[in-house]
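In what follows, a single structure is set out as structure tokens and then discussed.
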Amino acid sequence: MAAILGCAGCGGPPAPGYVTAPPVRFVASVDSVGLDLFLALPESEQDERRRHAASLRDQAGRTAELPRKLQYLVDACSLAPDDPAAWLALAEDLRWLGEDLQTEAALDGATAALRAAAGSGGGAGGTRDVRRLSVRIALLRAWFHYDRAEWREGLNWVRTAMAAEPGNAAARQILGLCEASLGNRSRARAVAGDIGRADPFSTDPSWILATVERGQGLVRGAFNFLLELRPAGEHVSECWRDMGLTAELLGEWSYAGRWYRESAAALPLGDRSCVQVRSFPPLGSSGATELPVWLGMGRTFLTGSRSSYTALALERFDQAPDPAEREYWAGAAVNAAGICVRLGLDRPWALRAKGLVFAGTGMEDRAIGDLARASEELAALRATDPRVERELGRLYLLRENFDEARRHLRTAVALDPDDPRSWSDLGLVQIKTGESSAAAGSLTRAIELDPGLATAYYNRGLLNLHTGKLAEAEADLREAARLAPENQDVARLLQRVILARKRQEG
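When we follow numbering that gives the first Met the number 0, the leftmost residue of the sequence shown carries the number 0, and every step to the right adds one.
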């Protein structure tokens with residue numbers, strides 16, 4: 000059920016390099032039930048569970064330790080899942096921790112509980128202001144989608160909130176930001192004007208107008224709006240984060256780092272023991288530039304450079320020591336890269352990150368789509384990437400699109416002539432297209448670069464078999480079998496060659 004929520008482990012600063020701490024699962028430590036089952040319980044049992052849940056919520060409000068607070072809230076929601084306020088409190092904390100899936104689950108729990116409350120004339124556990132809670136849930140959903148650069152979804156939730164409470168000032172703020180991000184300039188400017196007239200000291204109009212400029216690609220103009228801005232109000236951290244993004248888009252690294260640090264300082268987290276900061280090169284960077292990114296529980300994005308977080312997530316995916324870690328970082332990298340694409344932040348490199356993860360997880364169609372776009376956009380920037388070309392070549396080879404495979408693999412070996420896998424794949428393509436002499440050269444080059452590459456020996460053995468060089472084929476396949484004794488394709492082809500030699504000699 001939605002009350003079973005997961006977070007990663009807390010601790011001190013991470014050790015240099017790869018963090019392998021497994022996640023700690025926050026599972027209800029009480030007898031949990033779903034909403035429908037709860038509402039079917041006898042009234043006396045419902046009341047008892049609500050009293051216990053209220054006590055847990057009180058304890059959550061008094062504790063400073065974040066994991067314990069979350070455990071109290073999870074237990075409260077599990078005991079009495081008809082309390083939308085408890086679900087909402089849980090969703091608010093999870094959102095700030097960057098736990099996107101769990102945040103959505105908690106918001107769904109809040110929505111379901113609110114529907115039940117509305118249907119019963121105010122809900123169990125006392126009279127509730129259904130409209131007030133519905134507005135809060137809708138606005139939290141709007142901010143959740145704004146965080147993820149899903150502005151259309153965010154705008155829809157703002158409109159839901161404003162339909163329930165048309166004059167809500169908090170709704171106008173996020174309304175202006177979503178309209179601006181979607182490129183609706185006149186609407187966004189009108190909202191900014193309304194806010195400024197209602198509160199001449201509000202910093203929201205400048206934030207919205209800067210977002211208008213950035214949404215139109217006028218990043219320098221947006222930056223100029225922000226230079227004198229000192230954010231105030233409930234959503235200070237998000238404003239500083241957007242300011243850092245604007246500076247990052249311009250390559251104003253000093254401002255970006257400073258504004259991201261302000262965003263981190265404004266995070267509404269009383270317990271900082273589970274917050275870690277890492278400096279990491281953004282996507283496509285040579286490594287000379289590093290930007291800060293704040294991690295929740297060692298893995299989730301809190302604030303800082305989305306590009307740096309995406310690069311970090313891709314690195315951890317590549318280095319993951321076990322399937323569970325690899326699966327986690329695959330999702331983290333793809334989600335973060337998707338946000339970068341929507342933000343226009345290092346877009347070609349973000350497409351590259353998505354495509355490489357899809358390629359590494361067997362999602363070939365999505366990998367080809369993203370990597371092909373990355374290849375085109377990087378070529379336009381004169382930044383063609385050998386790993387992108389190698390993966391595209393491999394994927395087209397699997398599809399038996401040999402012309403495209405050869406084109407990308409030739410580019411890969413031209414960019415990185417010391418990559419044995421690219422040479423090996425190119426050799427196989429050349430076998431398939433009848434270029435025997437070129438294939439022999441490519442496969443021999445792969446073996447010279449990596450004498451332990453079983454695939455290259457296998458491919459060269461296949462070539463020698465096709466050209467009638469049975470002794471050479473047997474030698475290559477025996478080496479491939481030694482390097483990959485578990486590979487049945489190698490074993491079968493070796494037996495075929497041995498039998499062919501016996502027939503030839505007999």
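Each residue gets a CB set at the ideal place from its N, CA and C atoms; glycine is no exception.
Treat the numbers as computed from the prediction; the structure is a model and nothing was measured.
- Excluding its 5 nearest sequence neighbours in each direction, residue 340 has C-beta neighbours in its own chain below 7 Å: 346, 349 and 350, listed in chain order.
- In the DSSP assignment, residue 291 falls within the unbroken beta strand (DSSP E) covering 290-295.
- C-alpha of residue 363 to C-alpha of residue 155: approximately 33 Å in a straight line.
- Taking the Cα positions, residue 300 is about 15 Å away from residue 267.
- The Cβ-Cβ distance between residue 500 and residue 475 does not fall below 8 Å.
- Bounds of the beta strand (DSSP E) holding residue 279 are 274-279.
- The stretch 387-422 is shown to contain whole alpha helix (DSSP H) runs of 4 or more residues at 401-414, in chain order.
- Taking a 10 Å sphere around the C-beta of residue 227, we find fewer than 16 other C-beta atoms and assign the residue as exposed.
- Taken through DSSP and simplified to helix, strand or coil, residue 301 comes out as strand.
- The continuous stretches of alpha helix (DSSP H) do not include residue 466, and DSSP gives it neither H nor E.
- Note that the C-beta distance between residue 83 and residue 112 is below 8 Å.
- Per DSSP, residue 362 lies in no alpha helix (DSSP H) and is assigned neither H nor E.
- Counting along the chain, residue 266 sits inside no alpha helix (DSSP H), nor does DSSP assign it H or E at all.
- Between residue 232 and residue 202, the beta carbon gap of about 7 Å places them in contact (Cβ cut-off 8 Å).
- When 464, 252, 178 and 326 are compared, the shortest CA-CA separation from residue 153 is found for 178.
- With a 10 Å radius around the Cβ and a threshold of 16 neighbouring Cβ atoms, residue 275 comes out buried.
- Contact between residue 390 and residue 414 does not hold, since the beta-carbon distance rounds to 13 Å and is not under 8 Å.
- In terms of CA proximity to residue 472, 496 leads the group 101, 496, 229 and 192.
- For residue 289, the closest C-alpha among the options 52, 281 and 295 is that of 281.
- In the pairwise beta carbon analysis, the stretch 425-434 is classified as touching the stretch 397-411: at least three pairs are separated by under 8 Å.
- Apart from sequence neighbours up to five positions away, the residues of its chain that approach residue 157 with a beta-carbon distance below 8 Å are 137, 138, 141, 170, 173, 174 and 177, ordered along the chain.
- With contacts defined as CB atoms closer than 8 Å, residue 90 and residue 102 qualify as a contacting pair.
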